[in-house]
Every structure is written in C-alpha cells, then in structure tokens.
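Q:
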Amino acid sequence: MLRIHGCQKLRSIPNSFSSLEHLSLIGTSINSKAVTSIFATGGLSSLTFMCIVGSPEVIYIPLGVFLQSTTPNLQQLHIGDCLKFQGFVEGDALNNKNKDGDGDDFQDCFDEFQGFLEDDALNNSDNKDGDGDDVDLEAL
1 MLRIHGCQKL
11 RSIPNSFSSL
21 EHLSLIGTSI
31 NSKAVTSIFA
41 TGGLSSLTFM
51 CIVGSPEVIY
61 IPLGVFLQST
71 TPNLQQLHIG
81 DCLKFQGFVE
91 GDALNNKNKD
101 GDGDDFQDCF
111 DEFQGFLEDD
121 ALNNSDNKDG
131 DGDDVDLEAL
C-alpha cells in the first residue's frame, strides 16, 4: 500500500511499482495528465484499488488507460472531493475529450466504463456486494 497525503506540490509519482496493490492520493495537487500517466505506463500491473481524494486538478480520466489492460487487476477506483472532476473521456489521451466541452459525452463514457468493470477479468469472489462494479464516484 502506498498512501500519499497532503503533498500539495505533488505533480507525479513513480509508476513502476509492479507489486503495489493499493494506491491512495489524498489532498494532492496531482492533475489529470499525471493520473493518466500513472495508469498508461503499465508499471502498476498488480494495482487492485486506487483512491484519488481532494485533488482539485483532476478533471478527466481517459477510458483508454483502463481499456489498454495496463492495470488488469484494478477492481475499485474511488474518486472523491475532486471539485473539478467532470468524468471519463473516450480514447487514451486528454486531448480526446469532448471538443465543445459541454460534458454530454459523460454518460456514454460512464456506461462504457461500467461495462468494462463488469468484464470477467475484473470480477472476483471477494467483491463485497457481488455485483462486480465497485466503482465509487463521489462529489461529481
């Protein structure tokens, strides 16, 4: 487990922890680009849980970083108190976000992400409620 709390100047973290299972970023100034790079590199192949709380610069997370199977064991993603967070965007880069910026693509992205979580590769018998979709999105 790696918990980074209250590091207001944090801009990135090393992303080659191959046996790291839990990552919590709480009260940091990490941004969307840094979150994307955490997932995109493939160095967190054992990650099962990620928590991002109180990070106001996290605005979008590209769905492509989850669909690339760089974090094949990810079961839970908790995003809370990220006041600017607008949702997931299609593709694998932040520049692929909805061009007019109106957020209309959010529901489609969320539905696609929910479907991804229901994939057999992420379901396991340890799931608390047994439904396979323990994604917690707060403070949207």
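Take the sequence shown: its position 1, counting from 1, is numbered 1 in UniProt numbering, and each next residue is one higher. For glycine and all other residues, C-beta sits at the position ideal for the given N, C-alpha and C. Remember, it's a predicted structure, so these values are computed and weren't measured experimentally.
Take the Cβ of residue 87 as the centre, count every other Cβ of all protein chains shown within 10 Å, and call the residue buried at 16 or more, exposed below.
A: Buried: at least 16 other Cβ atoms inside 10 Å.
Q: Should residue 62 be labelled buried (16 or more other beta-carbon atoms within 10 Å of its own) or exposed?
A: So residue 62 ends up on the buried side.
Q: Mark residue 83 as exposed unless 16 or more other C-beta atoms lie within 10 angstroms of its C-beta, in which case mark it buried.
A: It counts as exposed.
Q: Report all residues from its chain with a CB closer than 6 Å to the CB of residue 22; omit the five preceding and five following residues, and keep chain order.
A: Cβ neighbours of residue 22 beyond the five flanking positions: 1, 49.
Q: Assuming residue 88 is part of the alpha helix (DSSP H), what are its boundary residues?
A: Premise fails: residue 88 lies in the beta strand (DSSP E), 87 to 89, not in any alpha helix (DSSP H).
Q: What residue from 12, 29, 15 has the CA that sits closest to residue 85's CA?
A: Residue 85 has its Cα closest to that of 29, out of 12, 29, 15.
Q: Quick check: the Cα distance between residue 90 and residue 64, rounded to an integer number of angstroms?
A: Answer to the nearest angstrom: the Cα atoms are 7 Å apart.
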